[in-house]
Amino acid sequence: MLFKIEEEEQRLYAEIEETERQNAEVNAELGELELKSSCFKELEERYWHEFNNFQFQLISHQEKRDAILAKIEVSQAHLEFLKRTNVLNDTFPISHDGEFGTINNFRLGRLQKIPAPGDEEGVRISHIVYLINVGSQQLRCGLHTYCAASLNCNWFLTLRCNLKQPTDNNVEWDEINAAWGQACLLLHTMCQYIRPKFQYRIKIIPMGSYPRITDTNNSTYELFGPVNLFWSTRYDKAMTLFLACLKDFAEFAKSKDQQNNIPPEKCFKLPYKIENDKVENYSITQSFNKQENWTKALKYTLCNLKWALYWFVGNTNFQPLSIRVSSHAEVPAIGPSYLKRGTEAKSES
Numbered sequence: 107m108l109f110k111i112e113e114e115e116q117r118l119y120a121e122i123e124e125t126e127r128q129n130a131e132v133n134a135e136l137g138e139l140e141l142k143s144s145c146f147k148e149l150e151e152r153y154w155h156e157f158n159n160f161q162f163q164l165i166s167h168q169e170k171r172d173a174i175l176a177k178i179e180v181s182q183a184h185l186e187f188l189k190r191t192n193v194l195n196d197t198f199p200i201s202h203d204g205e206f207g208t209i210n211n212f213r214l215g216r217l218q219k220i221p222a223p224g225d226e227e228g229v230r231i232s233h234i235v236y237l238i239n240v241g242s243q244q245l246r247c248g249l250h251t252y253c254a255a256s257l258n259c260n261w262f263l264t265l266r267c268n269l270k271q272p273t274d275n276n277v278e279w280d281e282i283n284a285a286w287g288q289a290c291l292l293l294h295t296m297c298q299y300i301r302p303k304f305q306y307r308i309k310i311i312p313m314g315s316y317p318r319i320t321d322t323n324n325s326t327y328e329l330f331g332p333v334n335l336f337w338s339t340r341y342d343k344a345m346t347l348f349l350a351c352l353k354d355f356a357e358f359a360k361s362k363d364q365q366n367n368i369p370p371e372k373c374f375k376l377p378y379k380i381e382n383d384k385v386e387n388y389s390i391t392q393s394f395n396k397q398e399n400w401t402k403a404l405k406y407t408l409c410n411l412k413w414a415l416y417w418f419v420g421n422t423n424f425q426p427l428s429i430r431v432s433s434h435a436e437v438p439a440i441g442p443s444y445l446k447r448g449t450e451a452k453s454e455s
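The working numbering puts the first residue of the sequence shown at 107, with every later residue one more than the last.
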């Protein structure tokens with residue numbers, strides 16, 4: 107009996123030792139798991155920290171990307187605008203200011219000075235001014251039948267002091283010369299660009315406000331004022347040559363349209379007919395011509411020049427840096443894009 111009790115005791119002690127051993131193993135394993143858990147917590151914290159940094163950087167990069175894409179879109183739109191922009195359109199704006207045609211805001215022409223309404227004295231003086239003009243024209247013709255001495259000097263004093271005239275009609279020669287200089291530079295640039303297909307017979311020499319024009323006989327005429335009695339014919343000849351050059355350009359443009367099988371009714375045509383020294387039956391010469399008619403002829407001339415510019419812009423790829431004095435640029439395929447301008451040119455007259 108005692109022997110059985112001792113065996114049971116030994117068995118129980120063995121179980122206790124086994125349990126304690128297992129308990130020690132479990133505690134050791136628990137310690138390892140707690141250590142691993144601590145490491146995982148650190149890794150998790152590091153992960154979320156890096157994740158937040160990544161999200162912040164991602165949002166920042168997305169914002170930068172969107173900003174760059176927006177800039178690219180704006181730049182592309184601006185580039186397309188620049189591609190559609192022709193430097194000649196911006197450099198030589200042709201418009202009108204009342205009865206005057208203008209280029210770069212320089213008026214071309216002069217109008218008869220008109221006294222203020224209701225000024226009877228001014229009307230009488232205006233009549234004297236008219237007589238003076240008639241007399242000067244007769245003297246130019248060699249008809250010395252007009253006696254300027256018959257005019258009383260008091261009238262001239264009254265003319266200076268009392269005649270009220272609108273200052274807008276009194277265009278100075280400096281402004282007229284500047285306008286002619288701009289017009290000559292524009293037409294010369296267009297003619298020079300499309301050589302040698304365009305026979306540049308009449309040479310325009312742009313020299314700022316002192317342009318000159320050379321005819322087919324290599325005779326040069328000055329296209330600037332002031333103009334006196336002996337110089338008026340040369341000035342008139344220069345203006346007539348300018349018209350002839352513009353007409354040659356228009357005929358060239360029409361021929362190119364015809365070569366490209368554009369319907370006859372859509373081929374290039376100037377809005378105002380040019381015939382010798384006349385534009386729509388208004389003479390461009392200044393001698394023995396009314397200032398109103400001369401101014402109207404100049405206005406129509408600028409309108410024709412603007413119409414030619416529309417054709418040039420729509421049918422060439424003009425680049426200022428590619429221009430050379432001896433340029434042999436080819437004229438690209440021509441289309442009727444200038445027709446989109448419609449009646450704009452005539453509407454400005």
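Where is the CB? At the ideal position from N, CA and C, for every residue including glycine. From a predicted model like this one, the values you see are computed outputs, not experimental measurements.
Assigned exposure category for residue i - 16 Cβ within 10 Å defines buried
i       : result
Lys-402 : buried
Gln-288 : buried
Val-180 : exposed
Pro-302 : exposed
Thr-208 : buried
Val-132 : exposed
Phe-198 : buried
Ile-178 : exposed
Cys-297 : buried
Asp-342 : buried
Trp-417 : buried
Phe-187 : exposed
Tyr-388 : buried
Thr-125 : exposed
Gln-244 : At Gln-244 the pLDDT is 35, less than 50, meaning the model places this residue with poor confidence; the figure from the coordinates comes in the next sentence. Under this definition Gln-244 is an exposed residue.
Leu-108 : exposed
Tyr-153 : exposed
Leu-175 : exposed
Leu-64  : Because the chain in this structure spans residues 107 to 455, residue 64 falls outside the shown range and cannot be described.
Pro-369 : exposed
Phe-206 : buried
Ile-231 : Note that Ile-231 scores a pLDDT of 35, beneath 50, so its modelled location is shaky; the value from the coordinates is reported in the next line. Looking at its Cβ environment, which holds 16 or more other Cβ atoms inside 10 Å, Ile-231 is buried.
Tyr-119 : exposed
Phe-146 : exposed
Phe-160 : exposed
Phe-157 : exposed
Proximity below 8 angstroms, CB of residue i to CB of residue j
i       : j       : result
Leu-292 : Leu-404 : no
Glu-169 : Phe-212 : no
Phe-162 : Tyr-299 : no
Thr-322 : Ile-308 : yes
Leu-217 : Glu-386 : no
Lys-412 : Ile-165 : no
Lys-375 : Lys-362 : no
CB-CB length for residue i against residue j, believed under 8 angstroms
i       : j       : result
Trp-286 : Phe-330 : 6 angstroms
Ser-315 : Asn-276 : That belief does not hold up - the Cβ atoms of Ser-315 and Asn-276 are roughly 18 angstroms apart, past 8 angstroms.
Cys-290 : Pro-317 : 4 angstroms
Gly-215 : Trp-400 : 6 angstroms
Glu-328 : Ala-344 : 6 angstroms
Leu-352 : Asn-410 : 6 angstroms
Ile-319 : Phe-358 : Contact flag wrong, Cβ pair sits at about 18 angstroms.
Gln-365 : Cys-373 : Wrong, their Cβ atoms sit about 10 angstroms apart, outside the cutoff.
Residues that DSSP places opposite residue i in a beta bridge
i       : result
Phe-157 : Bridge partners of Phe-157: none, in fact.
Asp-203 : Phe-206
Leu-214 : Gly-207
Lys-309 : Thr-320
Tyr-378 : Answer is none; Tyr-378 lacks a bridge partner.
Ser-389 : Lys-384
Glu-328 : Arg-318
Q) How about the region 336 to 356 and the region 377 to 395: do they share at least three Cβ pairs that are nearer than 8 angstroms? A) yes
Q: Decide yes or no for the touch test of the region 191 to 209 against the region 370 to 386: beta carbon pairs closer than 8 angstroms, at least 3 of them.
A: no
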